[in-house]
Amino acid sequence: MDTDIVALLKDIVQRFQPAADQKDIMLQTDFSLSTFKASTDTEALNKIISNVISNAIKYCESHVIISLSDINMEANKFSIEVKSNGNLIPVELKERIFDTFFRIKETRSKLGTGL
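Reading the sequence shown from the start, the letters are residues 1 to 115 in the UniProt record's numbering.
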């Protein structure tokens, strides 16, 4: 099914804006086009991007940037990048992040806990 990727990303960002505002996090978008249609499973893409943005908001310090790039309309290809200034995933754990129920243990201390 053809999906307007820009509209989908804008909708997802709008849904997560209240959560970002609550944590005083700036959500920023970087789309070079106002519209871009691609053949994709809209529901699956929505779930994937929503999960990534949710995690970015949950673990970042102050900002999240969502960008759409490497657009090739003829080949129906594009890249979506979500960047934040949160903790990086340790190199040795990157291959496991797609394992069902895998979580990285929180290693940094929380401010104000006295621990």
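We put the beta carbon where it would ideally sit given N, CA and C, even for glycine.
Computed from a predicted structure; not experimentally measured.
Just checking: is the beta-carbon of A38 within a distance shorter than 8 Å of some beta-carbon in chain C? Considering every chain present, this structure includes no chain C. It has just one protein chain.
Between the Cα of S54 and the Cα atoms of F98, K94, S84, D2, which residue gives the shortest distance? If you compare the alpha carbons of F98, K94, S84, D2 with that of S54, the shortest gap goes to S84.
Short check: CB of T3 to CB of A44, under 8 Å? Taking 8 Å as the Cβ cut-off, T3 and A44 do not qualify as a contacting pair.
Per DSSP, cross-strand counterpart(s) of F31: Answer by DSSP bridge pairing, in chain order: L68.
Close-in-space but distant-in-sequence residues of the same chain around F78 (CB under 8 Å, 5 per side omitted): Contacts found: I5, F36, A38, L68, S69, D70, I71, N72.
Which first and last residues belong to the beta strand (DSSP E) in which E61 is found? Looking at the DSSP string, E61 is not in any beta strand (DSSP E), and its letter there is neither H nor E.
Of the choices T40, L8, K23, whose alpha-carbon is the least far from that of V64? The candidate whose alpha carbon is nearest that of V64 is K23.
Contact under 8 Å by Cβ, F16 with L27: With a cutoff of 8 Å on beta-carbon distance, F16 and L27 are scored as near each other.
CA-CA distance, T40 and S62? Roughly 31 Å between the two C-alpha positions.
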